[in-house]
Amino acid sequence: MDEKTTGDNNRRHTVIWDDPMIGAQALKTLNGLDYLLGLKDGTIPLPPMYSLFKFRFLEVEAGHIVIEAAPAEYECNPLGVIHGGLACTALDSVTACAVQSVLPAGAVMTTLETKVNFVRAIKLDAGPLRCAGRVIHAGKRVATAEGRITDGSGNLCAHAVSTCLIL
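Per the numbering used here, the sequence shown starts with residue 31, numbered consecutively.
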């Protein structure tokens, strides 16, 4: 993936991704923690959405996930700051992955609801964003998790609580 400025001040962003069904198939035989460790170490390709936003796994433990995201110009909203959709996507991802990390092989989850609170604008110079998710409760059918995004200086930018359905 790269950003380029052409002579006419137009910008370009190229995204390369792998077949998402490779990861979907892996979830059928791996428990959630092993699946996520495979995403972190590259033995399982990242989902296309993670490639789009340049997410990178930093920590993977049972019930706890940390990814890094680097704000980019193509993610700006009309105000010139990073669009809240990036924060929502990152928070949905880390809370969902935190829940997936405690599930057995063959079990998957889907997000039922995510409540996001934006507390600080994410600027282009925010540095790498640390996006952390942690399971609050994991039952047989429903799980909840919380997520937090901090900027490169450690300032809280957004936080969320998600409810997930375990299938």
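In this text, a Cβ means the ideal position worked out from N, Cα and C, and glycines have one as well.
### Query
Do residue 136 and residue 58 have their CB atoms nearer than 8 Å?
yes
### Task
Using the Cα positions of residue 47 and residue 80, report the straight-line distance between them to the nearest angstrom.
9 Å
### Query
In terms of alpha-carbon separation, which member of 184, 193, 157, 67 lies closest to residue 172?
193
### Query
Expressed to the nearest angstrom, what Euclidean distance is found between the alpha-carbon atoms of residue 143 and residue 77?
21 Å
### Message
So, for residue 156: in the same chain, excluding its five sequence neighbours on each side, which residues have a beta-carbon less than 7 Å away from its beta-carbon?
### Response
101, 181, 182
### Query
Do you know offhand how far residue 127's Cα is from residue 196's?
12 Å
### Query
What is the DSSP secondary structure of residue 188, counted as helix, strand or coil?
strand
### Query
Mind checking residue 105: buried by the 16 CB within 10 Å criterion, or exposed?
buried
### Task
Give the range of the alpha helix (DSSP H) segment to which residue 70 is assigned.
Note, residue 70: alpha helix (DSSP H), 62–71.
### Message
For a test of the three-state rule: what should DSSP assign to residue 141, helix, strand or coil?
### Response
strand
### Query
Does the beta-carbon of residue 132 have 16 or more other beta-carbons within 10 angstroms, so that it is buried, or is it exposed?
Classification of residue 132: buried, given that the 10 Å Cβ count is 16 or more.
### Query
Does DSSP classify residue 169 as helix, strand or coil?
Secondary structure at residue 169: coil, using DSSP grouped into helix, strand and coil.
### Task
Less than 8 Å between the CB atoms is what I'm expecting for residue 74 and residue 87, so what's the real figure, rounded?
Wrong, their Cβ atoms sit about 11 Å apart, outside the cutoff.
### Query
So residue 117 is in the alpha helix (DSSP H); what residue range does that whole segment cover?
In the DSSP assignment, residue 117 falls within the alpha helix (DSSP H) that extends over 114–130.
### Simplified DSSP assignment, three categories, for residue 154
coil
### Query
Tell me which same chain residues have a C-beta within less than 8 Å of the C-beta of residue 31, skipping the five on either side of it?
Low per-residue confidence applies at residue 31: pLDDT is 47, beneath 50, and the placement is therefore not dependable, though the value from the model is reported in the following sentence. Spatial neighbours of residue 31 in its own chain (CB-CB distance under 8 Å, excluding positions within 5 residues in sequence) are listed in chain order as 43, 44, 45, 46, 81, 84.
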